[in-house]
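Okay, structure first, notes after.
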Amino acid sequence: VQLQASGGGLVQPGGSLRLSCAVSGSIASMPTMNWHRQAPGNQRVLVASINTGGGTVYSESVKGRAIVSRDDARNTVYLQMNNLKPDDTAVYYCSTYVSDLRRSFWGQGTQVTVSS
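Everything in the sequence shown is counted per the working numbering, starting at 314 for the first residue and increasing by one.
Below, the structure is given as structure tokens:
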């Protein structure tokens, strides 16, 4: 199972980005998918999750500014981030736990930098 994150970049405060995470490999369907971020000097933290039924959970730090969605036909999960702030600067990672394989998988991360 491989996860490929993309869509990061440099954006001005107040701007928007849409991150993508494509899942490939020996997996029948996408499980619950997660987005995390890690800012320099900080621990990696969970910011959003979406389960197989489309139920979503957000951290307080992004609630109201982020929308996580999934396209099961494309095996891709998205994180739309709006009204970005400098504190959103981090490497963003997607992850999932595959129960059949009893382990988690992580994407390689995509850098988001919010700066004027």
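All C-beta atoms in this analysis are idealised placements derived from N, C-alpha and C, irrespective of residue type, glycine included.
Give the secondary structure of residue i by DSSP, where H, G and I count as helix, E and B as strand, and everything else as coil.
i      : result
ASP413 : coil
ASP441 : This structure cannot speak to residue 441, because the chain is shown only from 314 to 429.
Cutting at 6 Å between CB atoms, please list the residues of its own chain near residue i, excluding the five before and the five after it.
i      : result
ASN364 : THR345
VAL324 : LEU330, LEU397 and VAL427
Flag this pair as yes or no: are the beta carbons of residue i and residue j separated by less than 8 Å?
i      : j      : result
ASN395 : ARG383 : no
VAL360 : VAL336 : no
TYR391 : ARG350 : no
ALA341 : THR423 : no
Practice task
Would you check if there are 3 or more beta carbon pairs closer than 8 Å linking the segment 385 to 399 to the segment 316 to 332?
Solution key: yes
Problem - At least three beta-carbon pairs within less than 8 Å, the segment 314 to 321 to the segment 413 to 421 - result: yes
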